[in-house]
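To start, the structure itself, in structure tokens.
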Amino acid sequence: MRNVRRVFATRNRFVILAILTATLVACVSSRGIQEFTTYRTAFDRTNDTANAILDQLAIQERALFRATSGHVFQEFNPDAATYYTDAGDPPGTGAFRNALATVDAYNDLLFALATGQSAASMVSQLGELQVNVNKALGDVAALAGHGGQVAAVGAALEVGFRKLKPFIELGLRYRSRQAFRVFVVENYLTVRQLLLDIRGGTTAIFPILTRSVMERHRGDITSTSLTAEEVEKVEAYRKLLSDWVLLIDGTIMALDHVNTALAQGPTIAGAVAGLSTIAIDLSAASDAARKDLAALAAN
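Under the working numbering, the sequence shown has 464 at position 197, and the numbering climbs by one with no breaks.
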């Protein structure tokens, strides 16, 4: 009888230990996933801000095209349709927007890995990434021959899109989580470079956004040659793009953290320290951008 009690006591200790271990693992995993979810939510806010900026870029890109393309009132060019309709983006803006959509789809793939989703689910995420890359390549191709600053930056983005394409085609045949983890790590630098290219592209976006103000002046334009209202509008665009740069920088830092965790093991759970802090910074920059957008809308 005593031996039976000892067996049951030993068994109970193992059961309790197993429950405690499972609980601790669950807590660690949950903490990691919560932090990543916080970052992902913050990136969604970043994306919303970026899309609002790109909405304004689309308006100015169309105006720039009409002013510089030798537009003939009596003619219609189907190849320039995106410059004359609000149903979609002109190609320069489209290249930027699809670059952001590519990063967003990459985030979905990271989230799928973090939360233990199946390889089949990740194939679906990868298919979305493929659609975004193909759209972006189409936008860049449409820029050919139009020249200008937007075209130049769009062409720079093309390099990253073309690097991603063969890896995506290979990844669509993956059938294991480990293979997807390798895929995500291998393509991290390409996605990171896309964000850096968007960041660098703000130098080309700024003169396009402010063109409606600057075109009213000729020659050497300085702050003293503009009215107070015009200076205010130019500076509002500068602040807005600065907010966006901070958002991009925060996103890059977060991706660096996630990549490090993925490279170290099969899961990012419990190994994404710092994401919550970065997410707070992203939210603050997003709030500032919304205020600057509201100020521009009021002008």
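Ideal Cβ positions, reconstructed from N, Cα and C, are used throughout, including at glycine.
- Rounded to whole angstroms, the separation of the alpha carbons of Val-501 and Ala-423 is 26 angstroms.
- DSSP places Asn-314 in the helix class (H, G or I) of the three-state scheme.
- Within a 10 Å sphere around the beta-carbon of Glu-328 sit 16 or more other beta-carbons, which makes this residue buried.
- Check the Cα spacing between Ala-325 and each of Ala-334, Ala-317, Thr-360: the tightest is with Thr-360.
- If you check the CB distance, Ala-403 and Thr-349 do not come in under 8 angstroms.
- Your pair Leu-431 and Asn-454 checks out as a contact, with CB atoms roughly 6 angstroms apart and the cut at 8 angstroms.
- The straight-line gap separating the alpha-carbon atoms of Ser-443 and Ala-386 is approximately 5 angstroms.
- Secondary structure of Gly-383 (DSSP, three-state): coil.
- Judged by beta-carbon spacing, Ala-362 lies within the 8 angstroms limit of Leu-410, meaning their Cβ atoms are closer than that value.
- The beta carbon of Ala-530 sits closer than 8 angstroms to those of Val-452, all from its chain and outside the five residues before and after it, given in chain order.
- Per DSSP, reduced to three states, the secondary structure at Leu-461 is helical.
- The DSSP-derived three-state label of Arg-478 is helix.
- Put simply, of Ile-547, Ala-330, Thr-308, Gly-383 the residue whose alpha carbon is nearest the alpha carbon of Leu-476 is Ala-330.
- Taking all protein chains shown into account, Met-481 has fewer than 16 neighbouring C-beta atoms within 10 Å of its C-beta and is therefore exposed.
- Rounded to the nearest whole angstrom, the CA to CA distance from Val-449 to Asn-374 is 15 angstroms.
- No Cβ-Cβ contact shorter than 8 angstroms links Leu-560 with Gly-517.
- In this structure, Ala-556 lies near Leu-507, with their beta-carbon atoms less than 8 angstroms apart.
- Around the beta carbon of Asn-399, 16 or more other beta carbons sit within 10 angstroms, so the residue counts as buried.
- Linking Leu-513 to Asn-344 through their CA atoms gives a straight-line distance of about 39 angstroms.
- The alpha-carbon of Glu-497 is positioned some 17 angstroms away from that of Gln-323.
- Each of Ser-388, Asp-406, Ile-465, Ala-408 was checked against the Cα of Tyr-441, and the nearest Cα belongs to Ser-388.
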